[in-house]
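Engineer: Please find one structure pasted underneath; my questions will follow.
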Amino acid sequence: MVGRRISEAQRWQIIGMRSSGLSYKASGRQMGYHYSVVSRLVRKHIQTNNVKDLPKSGRPLVTSQREERALERLIRRMPFVTSPVLKRVGLPNRQLSTRTLRNRLKSAGLKSRRVIRRPMLTDRHQQLRLAWRLARRGRRVQAAEPPVQNLRQLEAALHREWRKIPQQEIRRLTGGMRRRIEACMMVVL
Numbered sequence: 001m002v003g004r005r006i007s008e009a010q011r012w013q014i015i016g017m018r019s020s021g022l023s024y025k026a027s028g029r030q031m032g033y034h035y036s037v038v039s040r041l042v043r044k045h046i047q048t049n050n051v052k053d054l055p056k057s058g059r060p061l062v063t064s065q066r067e068e069r070a071l072e073r074l075i076r077r078m079p080f081v082t083s084p085v086l087k088r089v090g091l092p093n094r095q096l097s098t099r100t101l102r103n104r105l106k107s108a109g110l111k112s113r114r115v116i117r118r119p120m121l122t123d124r125h126q127q128l129r130l131a132w133r134l135a136r137r138g139r140r141v142q143a144a145e146p147p148v149q150n151l152r153q154l155e156a157a158l159h160r161e162w163r164k165i166p167q168q169e170i171r172r173l174t175g176g177m178r179r180r181i182e183a184c185m186m187v188v189l
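Residue numbers (full-length UniProt numbering): 1 to 189.
This is how it looks when you write it as structure tokens:
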């Protein structure tokens, strides 16, 4: 299992603590790492006189760190863009698979998520919704008599039910509809 990366500044700080006389455990505890991490880092510093990561085996990455940072900035600006679109916009002159792009974003801590289909309810909205529901607690929707069998019967039943609603109630409901839609659009956008 791969742990969190230690920045180069933190590595030098650990080396400084160790050279000032702190034990592995004390410097590890102070920096928030296990003492074995500190001992490996000190051993690497003694052997190579440096704290940078040694070259890894395997194929080198296709993207540079600069390109990865540019992709991260782009995804933070446009969080709902798909990876193929991100590839075309972010790296137009590079041959890069979308799978590689997703792996780079995942390693940067940017995971894919689904968009919430509706705005989150505030505490006030939740209270109002509860009050509305409690006020209408005893009401029941009556079943259609007889049950509809096809689309034509469903349409006829809907027209019958629509005609039962008082005209004043219809005007009240549709009158505020534009304002409600605009408010929802403002929250979504």
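Heads up, the beta-carbon is just placed ideally off N, CA and C, and yes, glycines get one too.
Under the assumption that H35 contacts K25 (Cβ atoms under 8 Å), give the Cβ distance between them as a whole number of angstroms.
Structural biologist: In the sequence under discussion, the amino acid at residue 35 is Tyr, which differs from the His named in the question. About 4 Å; that satisfies the 8 Å criterion.
Engineer: Looking at the unbroken alpha helix (DSSP H) that takes in K17, where does it start and where does it end?
Structural biologist: Contrary to the premise, residue 17 reads as Met rather than Lys in this sequence. Looking at the DSSP string, the run of the alpha helix (DSSP H) that includes M17 is 8-19.
Engineer: Whether or not the segment 92-112 and the segment 49-63 are in contact is what I'm after, with contact meaning three or more pairs of Cβ atoms, one per stretch, closer than 8 Å; do they touch?
Structural biologist: The answer is yes - the segment 92-112 touches the segment 49-63, with three or more Cβ pairs under 8 Å.
Engineer: Can you give the Cα-Cα distance for L71 and W132, rounded to whole angstroms?
Structural biologist: Distance between the alpha carbons of L71 and W132 is about 46 Å.
Engineer: Between which two residues does the alpha helix (DSSP H) carrying A156 extend?
Structural biologist: Where A156 is concerned, the enclosing alpha helix (DSSP H) stretches over 151-164.
Engineer: I'd like the list of long-range same chain contacts for S39, defined as Cβ closer than 7 Å, with 5 residues on each side in sequence excluded.
Structural biologist: Y24, listed in sequence order.
Engineer: By the 10 Å Cβ neighbour count, where 16 or more other Cβ atoms means buried, how is R171 classified, buried or exposed?
Structural biologist: The residue in question, R171, is exposed, as its Cβ has fewer than 16 Cβ neighbours within 10 Å.
Engineer: With DSSP collapsed to three states, give me the class of A26.
Structural biologist: If DSSP states are grouped into helix, strand and coil, A26 belongs with the helices.
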